[in-house]
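Asker:
Chains as they are written, first to last, in the working numbering: chain A, 1 to 152; chain B, 153 to 447.
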């Protein structure tokens, strides 16, 4: 009986996958939206949330997709919260330069770095690239959703 | 996706068979468990069990949830230092094609489609039921100094608590070991032996008309999103990189340094490494039972 359930799960997943052909490659890029909500008020909605001050202070920017340019939050963030939903590509690579350039750090789904002003949060991926080993505080310009934070 | 589903279903079937015959000593258990392990290793079994627990929990909240397949390795996991597989480079370059396929796959993902089809209010409920309302309750200080927090509520936390027992220990062990992996790559690429080995690699690349100081820069140039390279051009550079990685000795230097620093970090952070192994080991029987039950 349990197998039947499992088969049903697999079959329905496969059916859904088969029913919907790939979305014609609409850009995965998402314009950032900005608000002034505090962390307490921000709804849990599957976004990457960033704040210009620690503990959800200052201005908020949030994205559901990738961003090549953090706009008004570029190089101005001290609190990062990955509140992504399930379904793959739910960790986030945070890049120092525009267009996913330079060194990066990675934050897992559901994780929050609530105060990056301590100077201890550093870009630990992309050795040899711009800003590797430097603090992420006020130093992030773009991001990409990825499957893993670990490098194996 | 279909391959893993089949493998895991096979695992489930075999686990059921084994459970079903547990009373009769005549079952050739060793042979069956061998087959089962070949079909789905501990990693896949733990993954599936956690997914089944999340699904169960989300359904109890009145949501739909589809068991997520394990994720494919991306290029930074496959080749943390230098692309060193000529056949792979010939097919995928630096893997931009695979990345695009993966993004398309995620757009079709049933959980993602379900989530996106819901009004904002429901999406908020879905996320908080999965992730917890606030990222509080679990906290860990990583070796690189990052203080990371996470919710101890929600279906993901509930599933991990059921599976691994000590949720805080699991959170710390996974986040610390993930960060050690990143640290390891940094240590290797900063090592003077790696830097020395990069020089003949760069000379070899130069002979092939490519002027990049190191593999990181070559990869970054070929995978810049605002100026996507034609596939053939990406393949050309990655293929040269792979050929030079072998002939210059960079590939083998990177491999031996990777092993050296992996051991060193394991010695420097013995607790989290050991905790992770222990928590997984202890969870495996529970995971097998959950997969066999299929709930």
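Glycine included, each C-beta is placed from N, C-alpha and C at the ideal position.
Using a Cβ-Cβ cut-off of 9 Å, state whether residue 61(A) counts as contacting chain B.
Answerer: On the first chain, residue 61(A) is found 61 positions in, with the first residue counted as 1. Judged by the 9 Å Cβ criterion, residue 61(A) is not in contact with chain B.
Asker: Taking residue 269(B) as part of the beta strand (DSSP E), name the residues at either end of that continuous run.
Answerer: Here residue 269(B) refers to the residue found at position 117 when the second chain is read from its first residue. Here residue 269(B) belongs to no beta strand (DSSP E); instead the alpha helix (DSSP H) covers 262-269.
Asker: Give me the chain A residues within the contact set of residue 422(B), using Cβ-Cβ distance strictly less than 9 Å, ordered along the chain.
Answerer: Position 270 of the second chain, counted from the first residue, corresponds to residue 422(B). Chain A residues near residue 422(B): none, gap ~19 Å exceeds 9 Å.
Asker: For residue 50(A), does the three-state DSSP call read helix, strand or coil?
Answerer: Residue numbering aside, residue 50(A) sits at position 50 when the first chain is read from its first letter. Strand.
Asker: Got a sec? Which residues, its chain only, sit under 7 Å from residue 409(B) by beta carbon, not counting five neighbours each side?
Answerer: Your numbering for residue 409(B) matches position 257 in the second chain. Contacts found: 340, 343, 345, 346.
Asker: Within 9 Å (strictly less), CB to CB, does residue 141(A) reach chain B?
Answerer: Within the first chain, numbered from 1, the residue matching residue 141(A) stands at position 141. No, no contact with chain B.
Asker: Can you list, in chain order, the residues of the region 122-141 of chain A whose Cβ is nearer than 8 Å to any Cβ on chain B?
Answerer: Under the 8 Å Cβ criterion, the region 122-141 of chain A contributes 122, 124, 125, 126, 127, 128, 129, 132, 133.
Asker: Taking the alpha-carbon of residue 129(A) as reference, which of 88(A), 105(A), 53(A), 89(A) has the nearest alpha-carbon?
Answerer: In the first chain, counting from the first residue as 1, residue 129(A) sits at position 129. Ranking 88(A), 105(A), 53(A), 89(A) by Cα distance to residue 129(A) puts 105(A) first.
Asker: Which chain B residues are close to residue 80(A), counting only those with a beta carbon under 8 Å from its beta carbon?
Answerer: On the first chain, residue 80(A) is found 80 positions in, with the first residue counted as 1. Near residue 80(A) there are no residues of chain B at all, since even the closest Cβ is about 10 Å away, more than 8 Å.
Asker: Does the region 257-265 of chain B come close enough to the region 389-396 of chain B that 3 or more CB-CB pairs lie under 8 Å?
Answerer: Taking 8 Å as the limit for Cβ pairs, the verdict is that the region 257-265 of chain B does not touch the region 389-396 of chain B.
Asker: Going by DSSP, which residues form a beta bridge with residue 292(B)?
Answerer: Counted from its first residue, the second chain places residue 292(B) at position 140. Answer is 300(B).
Asker: Which residues in the same chain have their Cβ closer than 8 Å to the Cβ of residue 33(A), if we skip the five residues on either side of it in sequence?
Answerer: To locate residue 33(A), count along the first chain from 1; it is residue 33. In this predicted model, residue 33(A) has a pLDDT of only 42, less than 50, meaning its place in the structure is not dependable; the value taken from the coordinates is given anyway. Answer for residue 33(A): 61, 62, 63, listed in chain order.
Asker: Rounded to the nearest angstrom, how far is the Cβ of residue 449(B) from that of residue 125(A), given a contact under 8 Å?
Answerer: Lying before the first or after the last residue shown, residue 449(B) is absent from chain B, which here runs from 153 to 447.
Asker: For a test of the three-state rule: what should DSSP assign to residue 310(B), helix, strand or coil?
Answerer: Along the second chain, one-based indexing puts residue 310(B) at 158. Reduced to three states, the DSSP call for residue 310(B) is helix.
Asker: Within 10 angstroms of the Cβ of residue 232(B), are there 16 or more other Cβ atoms? Answer buried if so, exposed if not.
Answerer: Locating residue 232(B) in the second chain gives position 80, counting from the first residue. Answer is buried; the Cβ neighbour count reaches 16.
Asker: By DSSP's criteria, residue 106(A) is part of a beta bridge. Which residues make up the other side?
Answerer: Within the first chain, residue 106(A) is the residue found at index 106, counting from 1. DSSP lists 93(A) as partners of residue 106(A).
Asker: Could you work out which residues of chain A lie near residue 310(B), taking near to mean beta carbons separated by less than 9 Å?
Answerer: Taking the second chain and counting its residues from 1, the one referred to as residue 310(B) is at position 158. By Cβ distance, chain A contributes nothing, its closest Cβ being about 13 Å from residue 310(B), past 9 Å.
Asker: Does the region 376-383 of chain B come close enough to the region 204-211 of chain B to have 3 or more Cβ pairs within less than 8 Å?
Answerer: The region 376-383 of chain B is not in contact with the region 204-211 of chain B.
Asker: Which value, in whole angstroms, describes the spacing of the CA atoms of residue 325(B) and residue 359(B)?
Answerer: Within the second chain, residue 325(B) is the residue found at index 173, counting from 1. Within the second chain, residue 359(B) is the residue found at index 207, counting from 1. Cα-Cα distance, rounded: 45 Å.
Asker: From residue 178(B) to residue 320(B), what distance separates their C-alpha atoms?
Answerer: As a position in the second chain, residue 178(B) is number 26, starting the count at 1. As a position in the second chain, residue 320(B) is number 168, starting the count at 1. Low confidence applies to residue 178(B): its pLDDT is 36, below 50, so where it sits in the model is not reliable, and the reading given next is rough at best. The straight-line gap from Cα to Cα measures roughly 42 Å.
Asker: Measuring alpha carbon to alpha carbon, tell me which of 399(B), 438(B), 412(B) ends up nearest residue 354(B).
Answerer: The count along the second chain starts at 1 and reaches residue 354(B) at position 202. Per the Cα distances, 399(B).
Asker: Counting along the chain, where does the alpha helix (DSSP H) carrying residue 142(A) start and finish?
Answerer: Within the first chain, the letter at position 142 stands for residue 142(A). Careful: residue 142(A) lies outside any alpha helix (DSSP H), inside the beta strand (DSSP E) at 142-146.
Asker: Which whole-angstrom value describes the C-beta separation of residue 308(B) and residue 110(A), a residue pair presumed to lie in contact below a C-beta threshold of 8 Å?
Answerer: As a working mapping, residue 308(B) is identified with position 156 in the second chain. As a working mapping, residue 110(A) is identified with position 110 in the first chain. Going by Cβ atoms, the distance from residue 308(B) to residue 110(A) rounds to 7 Å, so yes, they are a contact pair.
Asker: Listing by chain order, which chain A residues have their CB less than 7 Å from the CB of residue 393(B)?
Answerer: Here residue 393(B) corresponds to residue number 241 of the second chain, with the count starting at 1. Result: empty, since nearest Cβ-Cβ is about 14 Å, beyond 7 Å.
Asker: Nearest-angstrom Cα distance between residue 13(A) and residue 352(B)?
Answerer: For the purposes of this step, residue 13(A) is taken as residue 13 along the first chain, with counting starting at 1. For the purposes of this step, residue 352(B) is taken as residue 200 along the second chain, with counting starting at 1. Confidence at residue 13(A) is low in this model, with a pLDDT of 37, below 50, so its placement is unreliable and no value can be given for it.
Asker: Quick one: grab the DSSP three-state call for residue 149(A).
Answerer: Along the first chain, one-based indexing puts residue 149(A) at 149. Here residue 149(A) sits in coil by DSSP.
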